[in-house]
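The structure appears below as structure tokens.
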Amino acid sequence: MVNIQTVATQPFEGQKPGTSGLRKRVKIFQQKNYTENFIQSILEAIPEADGGAKGATLVIGGDGRYYSDEVLQVIVKCSVAQGVSKLIVGRNGIVSTPAASNIIRKRKATGGILLTASHNPGGPDNDFGIKYNCSNGGPAPESVTNKIYEVSKTIKELKLADVPKVDFSKIGTQQVGDMTIEIIDGVADYVDLMKEIFDFDAIKSFFAKNKDFKMLFDGMNGVTGPYGYRLFVEEFGLPESSVMRCTPQPDFGGGHPDPNLTYAHDLVEAVNSQGIDFGAASDGDGDRNMIIGKNAFVTPSDSVAIIAHYAKDAIPYFKKHGVNGLARSMPTSQAVDLVAKKLGLEHFEVPTGWKFFGNLMDAGRCSICGEESFGTGSDHIREKDGLWAVLAWLSILAHVNKDKTMGVQDILQEHYKIYGRNFFSRYDYEEVDGQRADDMVKRLSHQIEKNELAGKKIGDFTIDKADDFEYLDPIDGSVSKHQGIRIIFTDGSRIIIRLSGTGSQGATVRLYVEKYSNDAAEYPKDAQVGLKPLIDVALELSELEKFTGRKEPTVIT
Ligand code: VG1
Ligand code: CO
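First residue of the sequence shown: 0, per numbering that gives the first Met the number 0; consecutive thereafter.
See the structure below:
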């Protein structure tokens, strides 16, 4: 018989899941009962429709970041106490976010808990994160995350099982009280899934025929290292030099595991100096991706459009299931909308965060979707999927190189010739004063309410309409308000300003600009040059410098 202790506790402020789970400094999670409170709140908030915590099967994964070992033990104690039947856990708690989504679906689990703060740095002085996914394998929708928050605000008593420490380092099954713990290799199922989706032989023969074609994958010391190694080195037979930073580390080697031009600088450098044809990187928990080539950077907004364009011809999964609609998050450029129109498909614009794609996918109305924040994916699972995107690009390269020689830059230019180019850039201002950032956004929403922006002329641009983005989910009718200030100009250009929901310190302001061109002379242009006038307009309209005191952004993408 396992003894269940009842321990008095008090609510902690701010246990509100953001864009993707609860992310805070490790030190915050280390406070007595902080993590216990949040895990119990999750278990109590598991939706009735999924069967609740009692008798549940939960998949536990994560990126292996600092403090994961301690939190795994907390999950065991809370789960036994709440009558959970089974935990399926990756060895040492390591399973990438997309792989965990797959396991939840494949094993028909109740849900899953992911221990990750994604692309945020790890280590004792950095971030930890906890996220809940539902039985469809996707991030909990707002109805569930709101419930978690509500429980966390009134929690008074913890129920913790008095059980010995569990060893998560060995594959196999063990029993803790009435609960079974199955420890699995988190890579195997995922590789099998990728084999069902893509034509591995076509990719292998592309590499075999093009011996000079070099690729480099950067695992950024995050969770995708072992996955990338298995795929690129073991499956495709590429040399070891085709992968870098492929051993997961609790602090990501001190780096910022975010695959963009700033933080994946080592990869960019290597691609440039070694004349590599195809470079790719993924983030800490494996759901993001960056694709680069020789003198080429593929914006994530272009990437989802290009994948959608080639999907049915280059990827067996879509040949078989068809493409039933496309979607993007609101700030993502409209490039994918153009593909949808041409292919005669439905397309959707949802708020930032992958949780908003889930309903559309479950209803069979969205096959491929993406976010400008290096997120690309499809309805094979319910999370964005970094390595899936890399394999999609390799499939496209294999496909287009059947009858001509094309690199990444050629694929981009070919796409622009058909659809025109949506120039896009995002400016991030990290760790600015929260109150001032709020004030800046409030000022704009106030102007919108009073209808002061529409018709206004600034430089060469005239504002057509402005709103604070609101989303009506066409499947369940739920409404999500205040999802970002959106200013649309008469020429279709857009400026979007919103505050990040994943930061752990101060506020992060995100400013997004998009400008469409169908003038072929402009296609090869550097995006920053083409977008400069629009960025100036954005800074003027928002009075960003006045509010944040920042002259320059922290990161430009
Ligand atoms: C950011 C991105 C968003 C993404 C989210 C989670 O959110 O903008 O597009 O879905 O991170 O990504 P925010 O609220 O900070 O802008 V991650 O790879 O969990 O995984
Ligand atoms: Co991530």
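Think of the CB as a built atom: it goes at the ideal place given N, C-alpha and C, for glycine as much as any other residue.
Checklist line | Candidates 102, 350 and 87, of which the one nearest residue 606 by Cα | finding: No answer is possible for residue 606: the residues shown for the chain start at 0 and end at 556.
Note to self: In whole angstroms, give me the CA-to-CA distance for residue 142 and residue 514.
What the structure shows: Your numbering for residue 142 matches position 143 in the sequence shown. Your numbering for residue 514 matches position 515 in the sequence shown. The alpha-carbon separation between residue 142 and residue 514 amounts to approximately 35 Å.
Margin query: Do residue 296 and residue 327 count as a contact pair if the criterion is CB distance below 9 Å?
Written below: Your numbering for residue 327 matches position 328 in the sequence shown. Your numbering for residue 296 matches position 297 in the sequence shown. Residue 327 is not a Cβ neighbour of residue 296, given a cutoff of 9 Å.
Margin query: Looking at the strands, I want to know which residues DSSP matches up with residue 460.
Written below: For the purposes of this step, residue 460 is taken as residue 461 along the sequence shown, with counting starting at 1. BP columns for residue 460 point to 457.
Next item on the list: Could you tell me if residue 191 is buried or exposed, where buried requires 16 or more neighbouring beta carbons within 10 angstroms of its beta carbon?
Entry: In the sequence shown, the residue the question calls residue 191 occupies position 192. Classification of residue 191: exposed, given that the 10 Å Cβ count is below 16.
Margin query: By the three-class DSSP mapping on this structure, what secondary structure does residue 138 have?
Written below: Locating residue 138 in the sequence shown gives position 139, counting from the first residue. Strand.
Next item on the list: State the Cα-Cα distance for the pair residue 150 and residue 501, rounded to the nearest angstrom.
Entry: Counted from its first residue, the sequence shown places residue 150 at position 151. Counted from its first residue, the sequence shown places residue 501 at position 502. Spanning the two alpha carbons is a distance of roughly 21 Å.
Margin query: Rounding to the nearest angstrom, what Cα-Cα distance links residue 278 and residue 261 in this structure?
Written below: Position 279 of the sequence shown, counting from 1, holds the residue named residue 278. Position 262 of the sequence shown, counting from 1, holds the residue named residue 261. Those two C-alpha atoms are separated by around 15 Å.
Note to self: Applying the 10 Å Cβ sphere with the 16-neighbour rule, what's the burial state of residue 163?
What the structure shows: In the sequence shown, counting from the first residue as 1, residue 163 sits at position 164. With fewer than 16 neighbouring CB atoms inside 10 Å of its own CB, residue 163 falls in the exposed class.
Check: Tell me, which residues are paired with residue 156 by DSSP?
Finding: Locating residue 156 in the sequence shown gives position 157, counting from the first residue. As a beta-bridge residue in DSSP terms, residue 156 pairs with 7.
Item checked: CA nearest to the CA of residue 398, picked from 294, 8, 197 and 487 -> Mapped onto the sequence shown, residue 398 falls at position 399. Looking at the Cα atoms, 197 is the closest of the given residues.
Notebook entry, point to check: Among residues of its own chain, excluding the 5 on either side of residue 79, which ones have a beta-carbon nearer than 8 Å to its beta-carbon?
Noted result: Locating residue 79 in the sequence shown gives position 80, where the first residue counts as 1. In chain order, 1, 3, 160, 162, 175, 176, 177 and 178 place their CB closer than 8 Å to the CB of residue 79, counting only its own chain and leaving out the 5 sequence neighbours on each side.
Check: Could you give the distance in angstroms between the alpha-carbon of residue 263 and the alpha-carbon of residue 219?
Finding: Within the sequence shown, numbered from 1, the residue matching residue 263 stands at position 264. Within the sequence shown, numbered from 1, the residue matching residue 219 stands at position 220. Answer to the nearest angstrom: the Cα atoms are 8 Å apart.
Next item on the list: Could you please go through the chain and list the residues whose beta-carbon is closer than 6 Å to any non-hydrogen atom of the ligand VG1?
Entry: Output, sorted by chain position: 18, 19, 117, 118, 282, 286, 287, 328, 351, 352, 353, 370, 372, 374, 499, 500, 501 and 509.
Notebook entry, point to check: Hey, residue 487 and residue 464 are a contact pair by Cβ (cut 8 Å); roughly how many whole angstroms apart?
Noted result: As a first step, residue 487 must be located in the sequence shown, where it is residue number 488. As a first step, residue 464 must be located in the sequence shown, where it is residue number 465. With 8 Å as the limit, residue 487 and residue 464 qualify as a contact, their Cβ atoms being about 5 Å apart.
Margin query: Can you find the residues in the same chain that come closer than 8 Å, C-beta to C-beta, to residue 265, ignoring five residues on each side of it along the sequence?
Written below: Here residue 265 is taken as the residue at index 266 of the sequence shown, counted from 1. These residues qualify, in order along the chain: 217, 243 and 244.
Notebook entry, point to check: Is the CB-CB distance between residue 330 and residue 509 below 9 Å?
Noted result: Stepping through the sequence shown from its first residue, residue 330 is reached at position 331. Stepping through the sequence shown from its first residue, residue 509 is reached at position 510. Contact flag set, yes.
Next item on the list: Could you check which residue in 417, 481 and 530 has the C-alpha nearest to that of residue 517?
Entry: Within the sequence shown, the letter at position 518 stands for residue 517. Check the Cα spacing between residue 517 and each of 417, 481 and 530: the tightest is with 417.
Note to self: What does the Cβ neighbour count give for residue 477, buried or exposed, with the cut at 16 atoms within 10 Å?
What the structure shows: The residue you call residue 477 lines up with position 478 of the sequence shown. The residue in question, residue 477, is exposed, as its Cβ has fewer than 16 Cβ neighbours within 10 Å.
Checklist line | Secondary structure of residue 93, DSSP reduced to three states | finding: Residue numbering aside, residue 93 sits at position 94 when the sequence shown is read from its first letter. Coil at residue 93, not helix or strand.
Item checked: Buried/exposed call for residue 23, threshold 16 Cβ in 10 Å -> Counting from 1 along the sequence shown, the entry for residue 23 is found at position 24. Residue 23 should be labelled buried.
Notebook entry, point to check: Taking the runs of the beta strand (DSSP E) that are 3 residues or longer, which of them lie wholly in the segment 96–120?
Noted result: Within the segment 96–120, the beta strand (DSSP E) runs of at least 3 residues that lie entirely inside it are, in chain order, 110–114.
Item checked: Meets three-Cβ-pair contact criterion under 8 Å: the segment 49–63 and the segment 93–110 -> Contact check between the segment 49–63 and the segment 93–110: three or more CB pairs, one atom from each, fall below 8 Å, which counts as touching.
Next item on the list: Determine which residues share a DSSP beta bridge with residue 56 and list them.
Entry: Along the sequence shown, one-based indexing puts residue 56 at 57. 85.
Checklist line | Cα-Cα separation between residue 460 and residue 489, rounded to whole angstroms | finding: In the sequence shown, the residue the question calls residue 460 occupies position 461. In the sequence shown, the residue the question calls residue 489 occupies position 490. Residue 460 and residue 489 have their C-alpha atoms roughly 7 Å apart.
Next item on the list: Identify every residue that forms a DSSP beta bridge with residue 498.
Entry: For the purposes of this step, residue 498 is identified with residue 499 of the sequence shown, where counting begins at 1. Residue 498 is bridged to 508.
Next item on the list: Could you check how far apart the C-beta atoms of residue 365 and residue 324 are, in whole angstroms? I think they sit under 8 Å.
Entry: By one-based count along the sequence shown, residue 365 stands at place 366. By one-based count along the sequence shown, residue 324 stands at place 325. Contact check for residue 365 and residue 324: beta-carbon distance about 5 Å, within the 8 Å limit, so the pair qualifies.
Next item on the list: Pull up the CB-CB distance for residue 14 and residue 32, whole angstroms please, since I reckon it's below 8 Å.
Entry: Position 15 of the sequence shown holds residue 14. Position 33 of the sequence shown holds residue 32. A Cβ-Cβ distance of about 11 Å is found for the pair residue 14 and residue 32, leaving them out of contact under the 8 Å criterion.
Next item on the list: Return yes when the Cβ of residue 283 is within less than 9 Å of the Cβ of residue 116, no when it is not.
Entry: In the sequence shown, counting from the first residue as 1, residue 116 sits at position 117. In the sequence shown, counting from the first residue as 1, residue 283 sits at position 284. With contacts defined as CB atoms closer than 9 Å, residue 116 and residue 283 qualify as a contacting pair.
Check: Run through DSSP, which three-state label would residue 320 get?
Finding: Within the sequence shown, residue 320 is the residue found at index 321, counting from 1. In the three-state DSSP reduction, residue 320 falls in the helix class (H, G or I).
Note to self: Quick check: the segment 544–556 against the segment 422–441, are at least 3 beta-carbon pairs closer than 8 Å?
What the structure shows: The segment 422–441, when compared against the segment 544–556, does touch it at the 8 Å Cβ threshold.
Next item on the list: Quick one: using the 10 Å Cβ neighbour count with 16 as the cut-off for buried, is residue 308 buried or exposed?
Entry: Position 309 of the sequence shown, counted from the first residue, corresponds to residue 308. So residue 308 ends up on the buried side.
Check: If you compare alpha carbons, which of 390, 93, 156 and 528 is closest to residue 38?
Finding: Stepping through the sequence shown from its first residue, residue 38 is reached at position 39. Nearest C-alpha to residue 38: 156.
Next item on the list: Count the other CB atoms, across all protein chains shown, that sit within 10 Å of the CB of residue 471; report buried if there are 16 or more and exposed otherwise.
Entry: Counting from 1 along the sequence shown, the entry for residue 471 is found at position 472. Counting every other CB atom within 10 Å of its CB across the protein chains shown gives residue 471 a total below 16, marking it as exposed.
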